[in-house]
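Asks: In the numbering used here, the protein residues as written are 301 to 729. Using N, Cα and C, we set each Cβ at its ideal position, and we do this for glycine too. Let me begin by handing over the structure; questions about it come next.
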Amino acid sequence: MPLTPHPRWVRPTHRPLLVGSLLLLLPMTLPAADWTLERSAERALSVAPEIDAARAERDRRAGLAEEAGRWPNPDLEVNFSDELGIQDGSGGWSVKEYVIRQPLPIDGRIAHRADAAGKRVEAAEAQQLQRALAMEHRAALAFHRLQWAQARIEQAKNQQEWTQRFAHIGDRRARAGDLSERERLRLNLLHAEAQAELDEARQVRKAALVDYRGVLAIDRKTPVSLAELSRPDTPPALDTLRERLDRHPTLYAAARQLAAARAEVKQARAERLPDLAVRMGRERSYINGGKETTNHIGLQVELPLWSQGRGRVDAKQSQAIRQDAERHVTKRDLGIRLERTHARLSGVLEHIDEHRTAVLAPADDVLSQTRRGFEQGELSLTELIDAAQANIRGSRRYIDLLLEAREHESDLRLAAGLMLTTDYPEQDR
């Protein structure tokens, strides 16, 4: 079973998806209909400055990659002199020499530099997707906590209604002499506690709504209504999620960073060779009493007397080793997190099912039977209050379990690299 209410299976692509291009298609208007988890995630991505920053970094890397594959520009030198004016007696200054100097990259250093820059672009694309995944996770948590706050209000309203009925019954029976003043006060206290619970639930919802509106950049005047909090579906098998873990945006970005570091090692080795440049010039001068133009061509080469570039190669090799180690650390930690969140979600789902059958349904039946018995004078007030408090604890616990399951579901998507708003791209490792 998928983690999302509407399954989106993996669709192979040949290039990483750019979240920014997809977000341009999202509507920016805010209809008043119920907000779903998927729509909340789409809205969060469309307004998140984190995505703008990741997109800008990707564009910066693309600009550097565009320049990395180009040859260095030639140098043009023009020399002015009064030598010719002195020789022919005319005086003044004139152009004496034109020189063009073109550096010649050798040993494939441009190809290595372009390869490394291209892999940095791929890493930036993966990091952009990673930012989107994290933003979806934040939006999902805000969405589910607002759902939970709304569920608490509904549960507190129900408690307030039936405790109010109990208080009315207690008042009526106390006037008839069937209930002591102390027992009547206990029923009124139960109703007052339910009212206090309802007031607290409303305050909690206000705080959750502030967080939700902030993440999605929703105006305070825009109405917000969510789908009801419910039990999530059973997650995919752990082995299935492990098989696709290498395509996690974080791991893919780490792999691209490693590939770029290795390409930069090759670039550093190529740059150890001395720079070579071709110098072509044309000079005007006096030869045998007349003006003549002579052409010159020459080679310029750096003399590697003080530095042979070994330090740069060693530094790049060490950077590649560090990138490889960090990639293994990331893969290890993601695997641990994936297994832990999968186990927690599976355990909470089992607990929800057990709680619903072993606690919630019996608590409702007991309260209904006890209420009828109390109204008919067959059961004591103590039995009624015990049944009411057991029902309250059971319903509160059930709502808390639903929120816990939804939070673990969001954590599992984050650990597995599963997105709500896009099909996950296949990556060539």
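DSSP three-state call for L303: helix, strand or coil?
Replies: As a first step, residue 303 must be located in the sequence shown, where it is residue number 3. Note that L303 has pLDDT 43, beneath the 50 cutoff, so the model's placement of it is unreliable and no number is given.
Asks: Who are the Cβ neighbours of R502 in its own chain at under 7 Å, not counting the five residues just before and after it?
Replies: Here residue 502 refers to the residue found at position 202 when the sequence shown is read from its first residue. Taken in chain order, the residues that qualify are I453.
Asks: Between the Cα of S381 and those of E367, E436 and E397, spot the shortest distance and give me the residue it belongs to.
Replies: In the sequence shown, counting from the first residue as 1, residue 381 sits at position 81. Of E367, E436 and E397, the residue nearest in Cα terms is E397.
Asks: Using the three-state DSSP reduction, which class does N691 fall into: helix, strand or coil?
Replies: Within the sequence shown, numbered from 1, the residue matching residue 691 stands at position 391. Helix, per DSSP.
Asks: Considering only C-alpha positions, which residue in the set D711, I692, R713 and D700 is nearest to Q459?
Replies: For the purposes of this step, residue 459 is identified with residue 159 of the sequence shown, where counting begins at 1. That would be I692, whose Cα lies nearest to the Cα of Q459.
Asks: Note down the Cα distance separating G694 from E342, rounded to an integer number of angstroms.
Replies: Residue 694 sits at position 394 when you count from the first residue of the sequence shown. Residue 342 sits at position 42 when you count from the first residue of the sequence shown. Answer to the nearest angstrom: the Cα atoms are 35 Å apart.
Asks: Grab the span of the beta strand (DSSP E) containing V378 for me, first residue to last.
Replies: Indexing the sequence shown from 1 puts residue 378 at position 78. Residues D375 to S381.
Asks: Would you mind reading off the limits of the alpha helix (DSSP H) that contains D359?
Replies: In the sequence shown, the residue the question calls residue 359 occupies position 59. Note, D359: alpha helix (DSSP H), P349 to A368.
Asks: Name, in chain order, the residues that DSSP records as bridge partners for I518.
Replies: As a position in the sequence shown, residue 518 is number 218, starting the count at 1. Answer is none; I518 lacks a bridge partner.
Asks: For a quick check, are the C-beta atoms of L712 and I652 less than 7 Å apart?
Replies: Translated into the one-based positions of the sequence shown, residue 712 becomes position 412. Translated into the one-based positions of the sequence shown, residue 652 becomes position 352. In this structure, I652 does not lie closer than 7 Å to L712 by Cβ.
Asks: State buried or exposed for I406, treating a residue as buried only when at least 16 other CB atoms are found within 10 Å of its CB.
Replies: Start at 1 with the first residue of the sequence shown, and residue 406 comes out as number 106. I406 is exposed by the Cβ-count criterion.
Asks: Below 7 Å between beta carbons: does that hold for A442 and Y512?
Replies: To locate residue 442, count along the sequence shown from 1; it is residue 142. To locate residue 512, count along the sequence shown from 1; it is residue 212. The answer is yes: Cβ separation under 7 Å.
Asks: How many whole angstroms separate the CB atoms of R637 and A715, which I take to be in contact at a CB cut-off of 8 Å?
Replies: Residue mapping note: residue 637 aligns to position 337 of the sequence shown, counting from 1. Residue mapping note: residue 715 aligns to position 415 of the sequence shown, counting from 1. Between A715 and R637 the Cβ distance is about 4 Å, and since that is below 8 Å, they are a contact.
Asks: So A560 and G609 are in contact, right, with Cβ under 8 Å, and what is the actual spacing, rounded?
Replies: The residue given as residue 560 occupies position 260 in the sequence shown. The residue given as residue 609 occupies position 309 in the sequence shown. Between G609 and A560 the Cβ distance is about 19 Å, and since that is not below 8 Å, they are no contact.
Asks: What's the gap between the Cα of V524 and the Cα of Q619?
Replies: Position 224 of the sequence shown, counted from the start, is the residue given in the question as residue 524. Position 319 of the sequence shown, counted from the start, is the residue given in the question as residue 619. Taking the straight line joining both Cα atoms gives about 49 Å.
Asks: So what does P403 bridge to, in DSSP terms?
Replies: Residue 403 sits at position 103 when you count from the first residue of the sequence shown. P403 is bridged to A577.
Asks: Suppose the cutoff is 6 Å on Cβ atoms and the five residues either side in sequence are ignored; what does the same chain contact list for R473 look like?
Replies: Taking the sequence shown and counting its residues from 1, the one referred to as residue 473 is at position 173. Same-chain partners within the cutoff: L479.
Asks: So, helix, strand or coil for L558, using DSSP?
Replies: Counted from its first residue, the sequence shown places residue 558 at position 258. Helix.
Asks: When DSSP labels each residue in this structure, what does R735 get in the three-state scheme?
Replies: The shown model of the chain, from 301 to 729, leaves out residue 735, and the question about it has no answer.
Asks: Considering only residues of the same chain and omitting the five flanking positions on each side of H655, which have a CB-CB separation below 8 Å?
Replies: Sequence index remark: in the sequence shown, residue 655 carries index 355 (1-based). Result list for H655: G694, R697, Y698 and L701, in chain order.
Asks: Within a Cβ cutoff of 7 Å, which residues of the same chain sit near I469, ignoring the five residues on either side of it in sequence?
Replies: Residue 469 sits at position 169 when you count from the first residue of the sequence shown. Result list for I469: E675, in chain order.
Asks: Report, in whole angstroms, the separation of the C-beta atoms of L645 and E543, which I expect to be a contact under 8 Å.
Replies: Along the sequence shown, one-based indexing puts residue 645 at 345. Along the sequence shown, one-based indexing puts residue 543 at 243. So it is not a contact: roughly 18 Å between Cβ atoms.
Asks: When you compare the CB positions of L487 and A508, do they come within less than 7 Å of one another, or not?
Replies: Your numbering for residue 487 matches position 187 in the sequence shown. Your numbering for residue 508 matches position 208 in the sequence shown. No, the pair does not count as a contact, with Cβ atoms beyond the cut-off.
Asks: Using only the alpha-carbon positions, how far apart do E461 and S530 sit?
Replies: Sequence index remark: in the sequence shown, residue 461 carries index 161 (1-based). Sequence index remark: in the sequence shown, residue 530 carries index 230 (1-based). Using only the alpha carbons, I get a separation of about 23 Å.
Asks: State yes or no: is the C-beta of I400 within less than 7 Å of the C-beta of M580?
Replies: The count along the sequence shown starts at 1 and reaches residue 400 at position 100. The count along the sequence shown starts at 1 and reaches residue 580 at position 280. Yes, the pair counts as a contact, with Cβ atoms nearer than the cut-off.
Asks: For the alpha helix (DSSP H) containing G300, name the first residue and the last one.
Replies: What is shown of the chain runs 301 to 729, which leaves residue 300 out entirely.
Asks: In whole angstroms, what separates the C-alpha of Q428 from that of V629?
Replies: By 1-based counting over the sequence shown, the position of residue 428 is 128. By 1-based counting over the sequence shown, the position of residue 629 is 329. Taking the straight line joining both Cα atoms gives about 21 Å.
Asks: Determine whether the beta carbon atoms of V659 and E704 lie at a separation below 7 Å.
Replies: Counted from its first residue, the sequence shown places residue 659 at position 359. Counted from its first residue, the sequence shown places residue 704 at position 404. Result no, Cβ atoms of V659 and E704 do not sit closer than 7 Å.
Asks: From what residue to what residue does the alpha helix (DSSP H) around H468 run?
Replies: Numbered from its first residue, the sequence shown carries residue 468 at position 168. Taken as a continuous stretch (DSSP letters only), the alpha helix (DSSP H) holding H468 covers R409 to A476.
Asks: Does the separation of the CB atoms of E350 and R556 fall below 7 Å?
Replies: Numbered from 1 along the sequence shown, position 50 holds the residue referred to as residue 350. Numbered from 1 along the sequence shown, position 256 holds the residue referred to as residue 556. No, the pair does not count as a contact, with Cβ atoms beyond the cut-off.
Asks: Would you tell me roughly how many angstroms separate the C-alpha atoms of L681 and E483, rounded to the nearest one?
Replies: Numbered from 1 along the sequence shown, position 381 holds the residue referred to as residue 681. Numbered from 1 along the sequence shown, position 183 holds the residue referred to as residue 483. Going from the Cα of L681 to the Cα of E483 covers about 7 Å.
Asks: Can you give me the Cβ contacts of D375 inside the same chain, cut-off strictly under 6 Å, excluding the 5 residues immediately before and after it?
Replies: Position 75 of the sequence shown, counting from 1, holds the residue named residue 375. Cβ within range, chain order: R401.
Asks: For T721, count neighbouring Cβ atoms within 10 angstroms of its own Cβ and tell me buried if that reaches 16, exposed if not.
Replies: Counting from one through the sequence shown, the residue named residue 721 turns up at place 421. Its Cβ being crowded by 16 or more others within 10 Å, T721 is buried.
Asks: Under 7 Å, do D575 and E602 count as touching if we go by C-beta distance?
Replies: By 1-based counting over the sequence shown, the position of residue 575 is 275. By 1-based counting over the sequence shown, the position of residue 602 is 302. Cβ distance < 7 Å, so D575 and E602 count as in contact.
Asks: With a CB to CB cut of under 6 Å and the five nearest residues on each side skipped, what residues in its chain are close to L326?
Replies: Taking the first residue of the sequence shown as position 1, residue 326 is located at position 26. Note that L326 has pLDDT 40, beneath the 50 cutoff, so the model's placement of it is unreliable and the number below is only indicative. Counting only Cβ-Cβ distances below 6 Å, and skipping sequence neighbours, we find E342 and S346.
Asks: Rounded to whole angstroms, what is the Cα-Cα separation between A434 and L558?
Replies: Working through the sequence shown from its first residue, we reach residue 434 at position 134. Working through the sequence shown from its first residue, we reach residue 558 at position 258. Approximately 22 Å between the Cα atoms of the pair.
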